Amino acid sequence: MANLQTYIDQLNSLDFKNMFGSDFYWTWDKTDDELAAVFAVADALRSLRERNISTKVFDSGLGISIFRDNSTRTRFSFASACNMLGLEVQDLDEKKSQIAHGETVRETANMVSFMADVIGIRDDMYIGKGHTYQKTFMDAVTEGNTDGILEQRPCLVNLQCDVDHPTQCMADLLHVIHEFGGPEKLKGKKLAMTWAYSPSYGKPLSVPQGVIGLMTRFGMDVVLAHPEGYDVMPECEEIARKNAAASGGSFTKVSSMEEAFKDADIVYPKSWAPFAAMEERTVLYGNGDFDGIDKLEKKLLAQNAEHKSWTCSEDMMKHTRDGKALYLHCLPADISGVSCEAGEVDGSVFDRYRVPLYKQASFKPYVIAAMIFLSKFADPQTVLKKLEERGVPRIFG
Amino acid sequence: MANLQTYIDQLNSLDFKNMFGSDFYWTWDKTDDELAAVFAVADALRSLRERNISTKVFDSGLGISIFRDNSTRTRFSFASACNMLGLEVQDLDEKKSQIAHGETVRETANMVSFMADVIGIRDDMYIGKGHTYQKTFMDAVTEGNTDGILEQRPCLVNLQCDVDHPTQCMADLLHVIHEFGGPEKLKGKKLAMTWAYSPSYGKPLSVPQGVIGLMTRFGMDVVLAHPEGYDVMPECEEIARKNAAASGGSFTKVSSMEEAFKDADIVYPKSWAPFAAMEERTVLYGNGDFDGIDKLEKKLLAQNAEHKSWTCSEDMMKHTRDGKALYLHCLPADISGVSCEAGEVDGSVFDRYRVPLYKQASFKPYVIAAMIFLSKFADPQTVLKKLEERGVPRIFG
Amino acid sequence: MANLQTYIDQLNSLDFKNMFGSDFYWTWDKTDDELAAVFAVADALRSLRERNISTKVFDSGLGISIFRDNSTRTRFSFASACNMLGLEVQDLDEKKSQIAHGETVRETANMVSFMADVIGIRDDMYIGKGHTYQKTFMDAVTEGNTDGILEQRPCLVNLQCDVDHPTQCMADLLHVIHEFGGPEKLKGKKLAMTWAYSPSYGKPLSVPQGVIGLMTRFGMDVVLAHPEGYDVMPECEEIARKNAAASGGSFTKVSSMEEAFKDADIVYPKSWAPFAAMEERTVLYGNGDFDGIDKLEKKLLAQNAEHKSWTCSEDMMKHTRDGKALYLHCLPADISGVSCEAGEVDGSVFDRYRVPLYKQASFKPYVIAAMIFLSKFADPQTVLKKLEERGVPRIFG
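Residue numbers (numbering that gives the first Met the number 0), protein chains in the order written: chain R, 0 to 396; chain L, 0 to 396; chain B, 0 to 396.
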């Protein structure tokens, strides 16, 4: 791991002034320099912590988490990020709150934010809803801050919406960068983002969307593959196409896993629900038609079952470059013979990549902490330097 | 916002020595000086925080919260107050604990308090129960401290009982004081505490009771209005009457919203359940008669529906002084056309007062923090001064 | 309470070097010196806290709790211990996580541990499962740390498994040591660990097992008594037998409560389920046979009801030394006439021992903190000394 000055030098070469006070919704809102700044700060914070130097920049203050869907990894990553910066996590559990039909998002947003420095929200279940919820929430706190209700404006970290999963994809990318030895080494590499069969139904589209929206920015050849009907949001494909053109890479779609995997350097096989079906579910949900949702689920499971051959088996892996592509997954994976009879990946493939997979996940707390850090400090270089000089040990002794 | 010395000067002029080590059950337990001390400390803490000066007085220690009813605002206010003072909130979730029929309150109180500096309790659902629970709990920790079981005696902050809701009403009052320019400006002002229609059933009486018990202490003309049968606890009316007499104001009851609103400077229209019905519900609950509770609920909803005209409409607001009374609500409100078809307040009225309403809520964390502060420090002036001198920044940098 | 140097001198005389970096599963994994070190550190931490000296050794970091069974006392003790050392508790609530059939313990263990310094686990419901779960979990974090996934290896504190309940039994013992004036005073004392009737079913065996496994190490005459069929794990009896032989005490089994209580200095009457039945339940649970579990429960309740005379009544207490044995219980107790018609102990007996019982419980946070402290610091004497010298007040002022 490099010394702190290396990261400060990196930051000095980047333009990220617009991140100060900003929110993190989608990676494609951010410039290349801004993403590079996130990585530099993430690595700098990790370096400080590994040298037992406190990274506590908040003496007090709250990090509010709102999980409208279950979470382990992201919940603990957010908690870890807040804790290492000195913020105490306070979870808004909607079941224990008075948030009923009546209370508006605008009101809740203000009521929980009096001492909040950051808001982390996961809302990924319904197409067209998750991002909107986050936006409405943050508009409310902006207004609250302007109106003198909130002394500080908390920043948003999108912990997964219906469109993007930026903390996941940024952790994925930071892992890839570390594995390949730098972002410049990614040029010309082939990455396959493919659908994979899982016995479950309705996994969010935000991971494949986020991956094609982010990985196309580094000159890679990004290939998306899925069975017919499992399209992702067209807007995200459009972003991927533009990114690829700008970065000198490519974005293509193919119709089989084999073709996507062929000579790939990196593979990301993962189940997701078809976009059109998710849109249908959102309408059914809006109408309170739970019978309709049940029927849709049955239909989708049957449709799913026709594509069991989309699995990251040992044979499938042989198609990749030297049979040794880097296997990525956001976890948990549906592992054939372990968590289900037939799933996204063979047990032996998963086992071979277990260590890198867990390392991939280990970047998330630092990515989240860096997003917060860059929104809170106009001059993060100086703050990092001062933390090192302060030299408070994380563990006393 | 005044400088710290102003608040210290205020405190120097007040006698609040009995607050040291004391609990905060009801506002009418406290002298006028003691309430003024809460406001001075609340404003002082806010001033320090706004100047990025840490108010952390606890290096470690727990704030225990017990919510026997749902809460958003108060939960986050308590968490914020504890956090800004350096206490970590630990929620006693009775569903995850071993508190069954067997375990006594006395035992639980001691078991959760080994390292607790403050206990916040909401128990507002059953008349005659909430306050009793808090009292039993605090008697147990007093005994535990005397017996050498607890190294420190945590103090109580009543986060709403069946009788009073002091953190709400004190935040309401601090807001009113700020809006009118000082407590001395309240003399002669008219405040209307009125019932309002809501499609829901059984809202606690502690807010109207707390409001008439507190606002009558400042020389205001406080008017209580509600439909027949919606009386509050007679003891609270008695307190209001005595307070008004002592403060040179008045406490009167009228039988229509129009009359209460007439020339009012401040209005607080809000739904609540009839006291007699709540007493009946407590008996049914004690007998485990849930059919009876269902029947009672239906009866009350039908009774409620006869009073839909009790609503804070635009027309109703015109009765107030220049049509511009300050509108208060503890939130969340049942807003006609927003959260329900017909409710406590017109959407347009609510919208016009949104900013002051949210400001009203923003005082609660500071009021709670001040209650804790005054119970923990015999000489809060010196501690505030030392915090300013220490000058640890809340956000490093 | 002695001054800090006394505890440091104690530690200087003990060999506990193997505790550094180690986990705390069972007391019989630890040497006598290691247990003595836990007590010395627990008392030292308590002494610092009582003198308002901060014991915060972690500037940031998480303490992860996993409660696979309900808990009040242990939950708050763990939270208190973490808080006093500077760790923030993050509870892994399996209902809010993605831990489904698929996700392996190995994966979860790594995913929640990126910034974890300690893991506290309660898993006591199924014989042969609880300890195994803890072991699997900790093997995974060891591997994760070795593989470079986890920057630090969190240590385990067993918060109750199917075999032992070390934080409880160590707190019990520290209480006994304080009551009798030192561990050397326990030699020759008689302790009765007996079954007692409770109207409930299936209480864990870990307390009686832990008690006979620990208390036999101090030269006491430990007597175990229970109705036929309520045996504990044979392995634990074997440990007790060996301990007693080594310590110069004895371990015997008798078949009546009267005999066990006769001339006892300490009694620990408590309900538990029969080991064989718990094994049967584990099998039924493994097969998903919930009807079978219901039937087993009915059978056990009927069997239980035959032994209502096993109760710590006033008459029973008269059999003890001068009728004044120290009564112990891990709480909550089933108290006759209070929490149930007939239970483990008479209300009047329980009441007479309420203060010592609560004191007994008050040692648990310090015992847990000491276990963490000894796993994290190779030279705890120096760290304790430096904490005293640093002299940061726990409460500012």
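Glycine included, C-beta positions come from ideal geometry on N, C-alpha and C.
Here the structure is a predicted model, which means the values were calculated and not measured.
Distance from the CA atom of aspartate 293/R to the CA atom of alanine 275/R, rounded to whole angstroms, is 16 Å. The C-beta of phenylalanine 19/R comes no closer than 7 Å to any C-beta of chain B. Taking glycine 212/L as reference, the option from Met232/L, Pro203/L, Pro226/L and Pro198/L with the minimal CA-CA separation is Met232/L.
When secondary structure is reduced to three states using DSSP, tryptophan 27/L falls in the helix class.
Non-local C-beta neighbours of lysine 358/L in its own chain, meaning closer than 7 Å and more than five positions away in sequence, comprise His174, ordered along the chain. Against chain B, a Cβ distance below 8 Å from threonine 135/L picks out nothing, because the smallest value is about 14 Å. Distance from the CA of proline 165/R to the CA of isoleucine 367/L, rounded to the nearest whole angstrom, comes to 37 Å.
Of all residues in the segment 356 to 370 of chain R, those with a C-beta nearer than 7 Å to a C-beta of chain B are Tyr357, Lys358, Ala360, Ser361 and Pro364, reading in chain order.
If you keep only unbroken alpha helix (DSSP H) runs of at least 4 residues inside the segment 125 to 168 of chain B, you get 129 to 145. At a C-beta separation below 9 Å, leucine 330/B has these neighbours in chain L: Gln97, Glu102, Glu106 and Met110. Only exposed fits alanine 304/R, as fewer than 16 other CB atoms lie within 10 angstroms of its CB.
Residue pairing by DSSP places cysteine 339/L opposite Ser335/L in a beta bridge.
In this structure, aspartate 32/R keeps its C-beta atom at 7 Å or more from the C-beta atom of tyrosine 6/R. With respect to chain B, the C-beta atom of methionine 169/L has no partner C-beta closer than 7 Å. CA-CA distance, asparagine 82/R to isoleucine 371/R, rounds to 12 Å. The beta carbon of lysine 55/R sits closer than 7 Å to some beta carbon of chain B. Of the other Cβ atoms in all chains shown, fewer than 16 fall within 10 Å of the Cβ of proline 392/L; this residue is therefore exposed. Asparagine 242/L sits buried, since 16 or more C-beta atoms from the chains shown fall within 10 Å of its C-beta. The C-alpha of glycine 62/R is placed about 44 Å away from the C-alpha of glycine 248/L. For valine 156/R, the nearest beta carbon of chain L is not closer than 7 Å to its own beta carbon. By the Cβ neighbour-count rule, alanine 245/B is exposed, with fewer than 16 other Cβ atoms within 10 Å of its own.
The alpha carbon of aspartate 122/R has as its nearest neighbour, out of Ala115/R, Val88/R, Lys385/R and Thr73/R, the alpha carbon of Thr73/R.
Its Cα nearest to that of glutamate 150/L, the residue Tyr365/B stands out among Thr145/B, Asp378/B, Ser374/B and Tyr365/B. The beta-carbon separation of tryptophan 194/L and serine 270/L, rounded to 7 Å, stays under the 8 Å limit for a contact. For lysine 189/L, the uninterrupted beta strand (DSSP E) run begins and ends at 189 to 194, by DSSP.
Per DSSP, reduced to three states, the secondary structure at arginine 50/R is coil, with no helix or strand assignment.
As far as DSSP is concerned, cysteine 329/L takes part in no beta bridge. Between the segment 250 to 264 of chain B and the segment 315 to 328 of chain B there are three or more C-beta pairs closer than 8 Å, enough to call the two in contact. Under the Cβ criterion of 7 Å, glutamate 87/R is counted among the residues facing chain L. Residue contact with chain B for aspartate 22/L: absent (no Cβ-Cβ distance below 7 Å to any residue of chain B). A distance below 6 Å between beta-carbons, with the five flanking residues on each side excluded, links arginine 45/R to the following residues of its chain, in chain order: Tyr365. Given a length threshold of 4 residues, each whole run of the alpha helix (DSSP H) inside the segment 251 to 308 of chain R is given here in chain order: 256 to 260, 274 to 285 and 289 to 304. Comparing C-alpha distances from glutamine 133/L to each of Gly147/L, Asn157/L, Glu142/L and Met110/L shows the shortest one belongs to Asn157/L. Shown here, phenylalanine 57/L sits in a strand according to DSSP, grouped into three states. Within 10 angstroms of the beta-carbon of alanine 263/B lie 16 or more other beta-carbons, which makes it buried. Taking the CA atoms as reference points, threonine 145/L sits about 24 Å from lysine 29/L.
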